[in-house]
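Visitor: Numbering (my numbering), first residue to last: 0 to 224. Cβ atoms here follow ideal geometry from the backbone N, Cα and C, with glycine treated the same way.
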């Protein structure tokens with residue numbers, strides 16, 4: 000079966016925008032070779048130019064190409080994705096940037112995100128768990144009612160140190176979020192971060208805040224003072 004013209008054109012334009020420096024950066028961060036190496040800003044510009052629709056977005060996602068999947072995310076309509084369809088997408092997003100865009104732009108806007116959050120928080124798949132912790136982090140910051148924060152800290156304390164890097168990243172967001180937003184849990188959140196040491200030596204550009212939870216928590220609290 001021949002490739003639809005719109006899909007073929009979109010892939011051709013992505014390929015023209017690709018570059019080795021971005022491909023090298025992506026590979027360093029866990030990407031495979033199914034990529035063109037397009038800058039994120041150029042992907043956004045292309046999405047506006049092509050006026051990506053949901054049908055084309057699904058076709059772009061199905062290619063498995065990192066740049067095509069990032070472009071797809073900008074055209075997907077969350078309400079048109081069934082729970083099982085979104086679940087499959089979350090599990091197939093095997094690169095951090097793709098997973099983070101999918102979680103931020105699609106998962107967090109899905110009408111059934113709370114049911115999916117509860118499912119993913121119990122999942123052994125690290126990319127599903129990443130999405131679950133991402134949604135939990137969102138709730139910690141915006142609608143924490145009903146969350147058992149001490150139990151979340153228990154899980155983080157016992158699991159984060161040995162968690163898969165995909166899951167560990169958003170689990171750390173939850174640790175920091177609890178420490179930032181809940182003074183009664185701040186001391187414990189900082190102590191957990193210190194004891195685990197996750198991201199203690201993470202390289203940070205000048206002017207950026209370290210993802211090491213104790214530093215992150217104290218800096219955000221300082222800014223809010």
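Any beta-carbon of chain C closer than 8 Å to the one on residue 20?
Guide: You won't find chain C in this structure, because it holds only one protein chain.
Visitor: Just to confirm the assignment: which complete beta strand (DSSP E) runs, minimum length 3, are found wholly within the region 99-159?
Guide: none
Visitor: Taking the straight line between their C-alpha atoms, what separation do you get for residue 154 and residue 195?
Guide: 13 Å
Visitor: For residue 182, which of helix, strand or coil comes out of DSSP?
Guide: Per DSSP, reduced to three states, the secondary structure at residue 182 is helical.
Visitor: Under 8 Å, do residue 89 and residue 30 count as touching if we go by C-beta distance?
Guide: no
Visitor: Any contact of the region 6-18 with the region 30-41, i.e. 3+ C-beta pairs under 8 Å?
Guide: yes
Visitor: Could you check which residue in 134, 166, 64 and 147 has the C-alpha nearest to that of residue 25?
Guide: 64
Visitor: In three-state terms, what does DSSP make of residue 210?
Guide: The three-state secondary structure of residue 210, taken from DSSP, is coil.
Visitor: At what residue ranges does the region 12-74 contain a whole run of the beta strand (DSSP E), taking only runs of 3 or more?
Guide: none
Visitor: Can you give me the Cβ contacts of residue 131 inside the same chain, cut-off strictly under 6 Å, excluding the 5 residues immediately before and after it?
Guide: 116, 119 and 120
Visitor: Mapping the DSSP letters down to three states, classify residue 205 as helix, strand or coil.
Guide: Per DSSP, reduced to three states, the secondary structure at residue 205 is coil, with no helix or strand assignment.
Visitor: Ignore the nearest five residues each way along the sequence and tell me which others in residue 44's own chain have a CB closer than 7 Å to its CB.
Guide: The answer is none, since no qualifying residue turns up.
Visitor: Excluding sequence positions up to five away, which residues of its chain have a Cβ less than 8 Å from the Cβ of residue 114?
Guide: 82
Visitor: Report the CB separation of residue 192 from residue 184 in whole angstroms; it is logged as a contact under 8 Å.
Guide: In fact, because the Cβ distance is near 12 Å, the residues do not count as touching under 8 Å.
Visitor: Excluding five sequence neighbours on each side, which residues of the same chain lie with their C-beta closer than 7 Å to the C-beta of residue 197?
Guide: 159, 160, 167 and 171
Visitor: Below 8 Å between beta carbons: does that hold for residue 146 and residue 67?
Guide: no
Visitor: For residue 76, count neighbouring C-beta atoms within 10 Å of its own C-beta (all shown protein chains included) and say buried if the count is 16 or more, exposed if not.
Guide: exposed
Visitor: Confirm, please, whether the CB-CB distance from residue 28 to residue 95 is below 8 Å.
Guide: yes
Visitor: Leaving out five residues before and five after residue 148 in sequence, what residues of the same chain have Cβ atoms less than 7 Å from its Cβ?
Guide: Here residue 148 has 177, 181 and 184 as same chain residues with Cβ atoms under 7 Å from its own Cβ, once five neighbours each way along the sequence are excluded.
Visitor: Would a C-beta distance cut-off of 8 Å place residue 51 and residue 69 closer than the cut-off?
Guide: no
Visitor: My assumption, with CB atoms under 8 Å, is that residue 107 sits in contact with residue 137. Please give the rounded CB distance.
Guide: 6 Å
Visitor: Run through DSSP, which three-state label would residue 80 get?
Guide: Reduced to three states, the DSSP call for residue 80 is coil.
Visitor: What do you get for residue 86, buried or exposed, if any count of 16 or more other CB atoms within 10 angstroms of its CB means buried?
Guide: The residue in question, residue 86, is buried, as its Cβ has 16 or more Cβ neighbours within 10 Å.
Visitor: What number of angstroms, rounded off, separates the C-alpha of residue 102 from the C-alpha of residue 46?
Guide: Going by the C-alpha atoms only, they are around 18 Å apart.
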